[in-house]
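Asks:
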Amino acid sequence: MMVPVRCFTCGNVVAEHWEEFDERANEGDEDPEKVLDELGVDRYCCRRMLVSHKDLVDVVSPYQ
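Residue numbers for the sequence shown follow full-length UniProt numbering, beginning at 1 and rising by one.
(1) Starting from Pro32, follow the alpha helix (DSSP H) in both directions and report where the run begins and ends.
(2) Just to check my reading of the structure: His17 and Val41 have Cβ atoms closer than 8 Å, yes? What is that Cβ distance to the nearest angstrom?
(3) From this set, Tyr44, Ala15 and Lys34, which residue's C-alpha is nearest Val3's C-alpha?
(4) Which value, in whole angstroms, describes the spacing of the CA atoms of Arg46 and Arg24?
(5) Between the alpha carbons of Gly11 and Glu38, how many angstroms are there, rounded?
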């Protein structure tokens, strides 16, 4: 599976947050917005990158 390494817009490294974000957001108990707040992802572009990648991976993963 392809993991986002850097934000396309600002270039910040987002790979370090991907594993925990993916696990916690998959549980369904936690709101992705709160997870990103707790992980310290403040920039809108980085947040969008993680959330949109999460949505795409769920759709595309059956074809792997």
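Every residue gets a Cβ at the ideal spot worked out from N, C-alpha and C, and that includes glycine.
Replies: So, from the data block:
(1) Its alpha helix (DSSP H) spans residues Pro32 to Leu39.
(2) 6 Å
(3) Ala15
(4) The question names Arg, but residue 46 in the sequence shown is Cys. Rounded to whole angstroms, Cys46 to Arg24 spans 17 Å at the Cα level.
(5) Near 21 Å, if we compare the C-alpha coordinates of Glu38 and Gly11.
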